[in-house]
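Chains P and Z supply the protein sequences, listed in that same order.
Those letters in the first sequence? Residues 1 to 559, per UniProt numbering, in order.
Those letters in the second sequence? Residues 1 to 140, per UniProt numbering, in order.
Single-structure report; data block below.
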Amino acid sequence: EEQVYECPDYRTAGPNSCYFDKKHTSFWTIYNITVKATNEMGSNVSDPHFVDVTYIVQPDPPVNVTLELKKPINRKPYLVLTWSPPPLADVRSGWLTLEYELQLKPEEGEEWETIFVGQQTQYKMFSLNPGKKYIVQIHCKPDHHGSWSEWSSEKYIQIPTDFRVKDMVVWIVVGVLSSLVCIIMSWTMVLKGYRMIAFILPPVPGPKIKGIDTHLLETGKSEELLSALGCHGFPPTSDCEELLIEYLEVEDREDQQHMPSHDNGHPSKNAKMIPNETDSDSGRGSCDSPSLLSEKCRETSTLPSTLQTKDVRDVHENKGGKRSWETQCIASEQKTVHFNNETTKSSTWPAAQLPNNQPPMFAYHSTVDAHKMTLSTTNVNTAPVLVGNEEKHQSQYPIIETVHNDMEKQRETENVHSKTDQTTVQVKQNRPNDKSPFLNPKLMDYVEVFKVRQDEEPAVLLKHKENSGKTEKYTVPGTSKEYTKVSTVVDRNIIVLMPDSRIQHTFLSQEPAMETSQNLQQGQAEKNMSYCLTVPSECKREVSGSEYMDPSSFMPSFK
Amino acid sequence: CHTSGMLTPNGKEYAQKIPREELTHLILKLLQAWKEPLSHFNQHIEHHQELPDDSLSKAKQISNMVHELKTGVEKVTEKARFSINSLNGMASSEAAGLSTSNEANMMSDSDFIHCFRRDSNKVQSYLKILKCRIMPENSC
């Protein structure tokens, strides 16, 4: 049987609606609903719509939604949601069974997170970020058939930020430690910055070549350096050139040239000396030859330093004049520059002066010269010599006696010259007597004064005729080494003579030349060739305690 | 529907007014009424090629569930010691069910399914009410 019921209520549900309430409907009954529209023109009926009210139930939204933040001890706080079913839904009788669903999102978020809860009316949430605000809403639906209800009103909850004592402590400890480390680092840098830098970036060591004394390099004495290297006579210094030139130019003018400013008296000597020098050297090459030139040069160069000091001393002793003598290489006047400008050509001709009084200087020079000479000598002797050890020994340097003049005069010949050249150093002093200092038996390394000499006569030094004799003497001793060569001139007035094979030279001692010079002078003006070579004892005597070398000691006395 | 002839409460109020034994009886009657038609239906759709395989298995599954549900309700009724009269009523309804099954065969498949849905909903609702009446503590 079909019964047609017209809509009992057109208003409750709004416009274009019909409200059939509970009285007019029942479960499990299929209703056919049609809408009939009528106007002036006529009427029309819509399509039928079949409906069973059982299946279109939509409950009301849940009510009493509550959010509660629970904070258990030693655990993270969590959120508890509770709600109630809508009041009209008869859940108690079981007639209607509702299912619930949550929606959650942080306040700033955009998407809702949907959580199906089921038929329970409470829910716990654990994974929430502290410090954020969340929004929650719930809706429900009949368990089998029906549609979802509207969402409940939004609920807000603020999750409190979680300050844990543990975290704070950890951060504080970390901060303190790092600050301590920074402070320590800064202090270390401040106090030992350089060391740290050196530790991290170790300084690159400079090249170290054996035999080269960096100090030498610094002072700029190339001759010494080169001699240390074993290269004598290279490069030719200006002095040498000068020497050479002068040498060539002047022939007999040496005397005058020698020590123009010389104190009187000496000039003659100088002259003598010079010629000797020149002669001897003239033939040779400039600095190549073992000639005096080189030695002289060296000596002169070295001299200056030594001489300088000497000057001081000399001042005390001698005066003036000597200076000239001091300067230079024997060979050339130029050296004079060192000292007083007086150029005694003959390099240290001071020897010449010596006779007067500057023995010290002279000696000094001579030694120096000799030294130079030796140095210049081509022989590259190992001149260990130097200085110090031999202090006692007197090395003989080729005295460039030229200065001596008298002695020089002799020049004797080439030999002499040559010798002188080499020796240049005239150390006149000392012992005029021949002590053949050369003979120093113990010569240690001495500079070989005359290279040339070696062949001829051991006598290194040469020079004066008188000396020549002596030189011969030197040679004679032969066996002993010849220290004709001044291996090096140490700054402090030490001339290192290298022992020559034949002649033994005593090492130059550093003694004030003064005394030696005196000796020399005494010795003989001319003859002085005092190479105080081998006579250490003697030399020693003369050498007084000053620092200068005592040329006399070195110089063997050539008589 | 072939079970339209049965008098069943159409609403919650009616269902709550009926005594429990009667309600139980009614449930059993419904379940019984559908036993035969379901088996026929399964046989019927097996021959249909166009239906997806899921439908066939589902239909069989539903038949089994109905059977099990009936068995369960019978056990509950025994325990509740409902009157024997209801049991007798069951027998008579079976006869009625037989007759109705013929009608069920004549229904179209869609109507058949629709009727079945309605009756199963009834059974569910009645059972829920019954449950809350007997054991009110759980979600009632």
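Yeah, the Cβ is synthetic: ideal placement off N, Cα and C, and Gly gets one too.
Keep in mind the model is a prediction, meaning the values are calculated, not measured.
Requested in this report: Let me know the secondary structure DSSP gives residue 46/P once reduced to three states.
Outcome: As a first step, residue 46/P must be located in the first sequence, where it is residue number 46. Correct three-state label for residue 46/P: coil.
Requested in this report: List the residues of chain Z whose Cβ lies closer than 9 Å to the Cβ of residue 568/P, in chain order.
Outcome: Beyond the ends of chain P as shown, which are 1 and 559, falls residue 568/P; an answer cannot be given.
**Report entry** Cα-Cα separation between residue 312/P and residue 203/P, rounded to whole angstroms
**Finding:** Residue numbering aside, residue 312/P sits at position 312 when the first sequence is read from its first letter. Residue numbering aside, residue 203/P sits at position 203 when the first sequence is read from its first letter. Residue placement at residue 312/P is poorly supported in this model, since its pLDDT is 40, which falls under 50; the coordinates still yield a value, given next. Roughly 41 Å between the two C-alpha positions.
Query raised in the report: With DSSP run on the structure shown, which of helix, strand or coil describes residue 189/P?
Result: The count along the first sequence starts at 1 and reaches residue 189/P at position 189. It is helical.
Requested in this report: Could you please tell me which residues of the segment 43-60 of chain Z, in chain order, have their CB closer than 8 Å to any CB of chain P?
Outcome: none
Query raised in the report: When DSSP builds the beta bridges, which residues end up paired with residue 63/P?
Result: Indexing the first sequence from 1 puts residue 63/P at position 63. In the DSSP output, where bridge partners are listed per residue, residue 63/P has 84/P.
Query - CB contact below 8 Å: residue 17/Z versus chain P - result: On the second sequence, residue 17/Z is found 17 positions in, with the first residue counted as 1. Closer than 8 Å: no.
Query raised in the report: DSSP on residue 37/P, reduced to helix/strand/coil?
Result: Counting from 1 along the first sequence, the entry for residue 37/P is found at position 37. Three-state DSSP puts residue 37/P in a strand.
**Report entry** residue 29/P at chain Z interface by Cβ criterion, 8 Å
**Finding:** Along the first sequence, one-based indexing puts residue 29/P at 29. Judged by the 8 Å Cβ criterion, residue 29/P is in contact with chain Z.
Requested in this report: Less than 8 Å between the CB atoms is what I'm expecting for residue 95/P and residue 12/Z, so what's the real figure, rounded?
Outcome: Position 95 of the first sequence, counting from 1, holds the residue named residue 95/P. Position 12 of the second sequence, counting from 1, holds the residue named residue 12/Z. With a Cβ gap of about 4 Å, residue 95/P and residue 12/Z count as contacting.
Report task. Locate the alpha helix (DSSP H) running through residue 37/Z, then write down its first and last residues. Result -> As a first step, residue 37/Z must be located in the second sequence, where it is residue number 37. Note, residue 37/Z: alpha helix (DSSP H), 20-46.
Query raised in the report: Who are the Cβ neighbours of residue 134/Z in its own chain at under 8 Å, not counting the five residues just before and after it?
Result: Here residue 134/Z is taken as the residue at index 134 of the second sequence, counted from 1. 20 and 80, listed in sequence order.
**Report entry** Endpoints, beta strand (DSSP E) assigned at residue 126/Z
**Finding:** Your numbering for residue 126/Z matches position 126 in the second sequence. First-last for residue 126/Z: 109-134, but that is the alpha helix (DSSP H), not the beta strand (DSSP E).
Query raised in the report: How is the alpha helix (DSSP H) around residue 72/Z delimited, first residue to last?
Result: Here residue 72/Z refers to the residue found at position 72 when the second sequence is read from its first residue. 53-80 is the span of the alpha helix (DSSP H), which, as asked, contains residue 72/Z.
Query - residue 101/P and residue 139/P closer than 8 Å at C-beta - result: Counted from its first residue, the first sequence places residue 101/P at position 101. Counted from its first residue, the first sequence places residue 139/P at position 139. Yes; because the gap between Cβ atoms is below 8 Å, this pair is in contact.
Query raised in the report: Hey, out of 8/P, 32/P, 14/P and 13/P, whose CA is closest to residue 23/P's CA?
Result: As a position in the first sequence, residue 23/P is number 23, starting the count at 1. The shortest Cα separation from residue 23/P among 8/P, 32/P, 14/P and 13/P belongs to 8/P.
**Report entry** Where residue 173/P falls, given that 16 or more other Cβ within 10 Å makes a residue buried
**Finding:** Indexing the first sequence from 1 puts residue 173/P at position 173. Flag for residue 173/P reads exposed.
Report task. Compare the Cα-Cα distances from residue 8/Z to each of 118/Z, 136/Z and 70/Z and report the closest residue. Result -> For the purposes of this step, residue 8/Z is identified with residue 8 of the second sequence, where counting begins at 1. It is 118/Z whose Cα lies nearest to the Cα of residue 8/Z.
Query raised in the report: What residue does the alpha helix (DSSP H) around residue 17/Z start on, and which one ends it?
Result: Residue 17/Z sits at position 17 when you count from the first residue of the second sequence. Residues 12-17.
Query - Close-in-space but distant-in-sequence residues of the same chain around residue 142/P (CB under 7 Å, 5 per side omitted) - result: Position 142 of the first sequence, counted from the first residue, corresponds to residue 142/P. The residues are 57, 59, 96, 97 and 98.
Query raised in the report: Any beta-carbon of chain P closer than 8 Å to the one on residue 129/Z?
Result: The residue given as residue 129/Z occupies position 129 in the second sequence. So yes, residue 129/Z belongs to the interface.
Query raised in the report: How about residue 90/P: is its C-beta nearer than 8 Å to some C-beta of chain Z?
Result: Locating residue 90/P in the first sequence gives position 90, counting from the first residue. For residue 90/P, the answer is yes, since a Cβ of chain Z falls inside 8 Å of its Cβ.
Query raised in the report: So is residue 2/Z buried or exposed if we call it buried at 16+ other beta carbons inside 10 Å?
Result: As a working mapping, residue 2/Z is identified with position 2 in the second sequence. So residue 2/Z ends up on the buried side.
Query raised in the report: Which class does residue 6/Z belong to by DSSP, given the choice of helix, strand or coil?
Result: By one-based count along the second sequence, residue 6/Z stands at place 6. In the structure shown, residue 6/Z sits in coil (DSSP, three-state: anything other than H, G, I, E or B).
Query raised in the report: Touch check for the segment 77-91 of chain P and the segment 107-121 of chain P: three-plus C-beta pairs under 8 Å?
Result: yes
Requested in this report: Could you please give me the residues that DSSP links to residue 139/P through a beta bridge?
Outcome: Taking the first sequence and counting its residues from 1, the one referred to as residue 139/P is at position 139. Per DSSP, 101/P.
Query raised in the report: Since residue 125/Z meets chain P, which of its residues come closer than 7 Å, beta carbon to beta carbon?
Result: On the second sequence, position 125 is the one that residue 125/Z refers to. 95, listed in chain order.
Requested in this report: Using 10 angstroms around the beta-carbon of residue 61/P, count the other beta-carbons present and answer buried if the total reaches 16, otherwise exposed.
Outcome: The residue labelled residue 61/P in the question sits at position 61 within the first sequence. By the 10 Å Cβ count, residue 61/P comes out buried.
**Report entry** Exposure of residue 17/P, with buried meaning 16 or more beta-carbon neighbours within 10 Å
**Finding:** Residue numbering aside, residue 17/P sits at position 17 when the first sequence is read from its first letter. Residue 17/P is exposed by the Cβ-count criterion.
Query raised in the report: Helix, strand or coil: how does DSSP classify residue 201/P here?
Result: Translated into positions along the first sequence, residue 201/P becomes position 201. Coil, per DSSP.
Query - residue 10/Z at chain P interface by Cβ criterion, 8 Å - result: As a first step, residue 10/Z must be located in the second sequence, where it is residue number 10. By this cut-off, residue 10/Z is an interface position.
**Report entry** Cβ distance (whole Å) where residue 108/P is taken to contact residue 135/P below 8 Å
**Finding:** One-based indexing of the first sequence puts residue 108/P at position 108. One-based indexing of the first sequence puts residue 135/P at position 135. So it is not a contact: roughly 10 Å between Cβ atoms.
Report task. Give the interface partners of residue 114/P over in chain Z, defined as CB-CB distance under 9 Å, in chain order. Result -> Reading the first sequence from its first residue, position 114 is the one you call residue 114/P. The premise fails here: residue 114/P is roughly 23 Å from chain Z at the closest Cβ pair, so nothing lies under 9 Å.
**Report entry** Of the listed residues 26/P, 159/P and 190/P, nearest to residue 10/Z (C-alpha basis)
**Finding:** Residue 10/Z sits at position 10 when you count from the first residue of the second sequence. When each option's Cα is compared against that of residue 10/Z, the closest is 26/P.
Query raised in the report: With 16 as the cutoff for other CB atoms within 10 Å, does residue 36/P come out buried or exposed?
Result: In the first sequence, the residue the question calls residue 36/P occupies position 36. By the 10 Å Cβ count, residue 36/P comes out exposed.
Report task. Determine which residues of the segment 44-55 of chain P have a Cβ less than 9 Å from any Cβ of chain Z, and write them out in chain order. Result -> 52, 54 and 55
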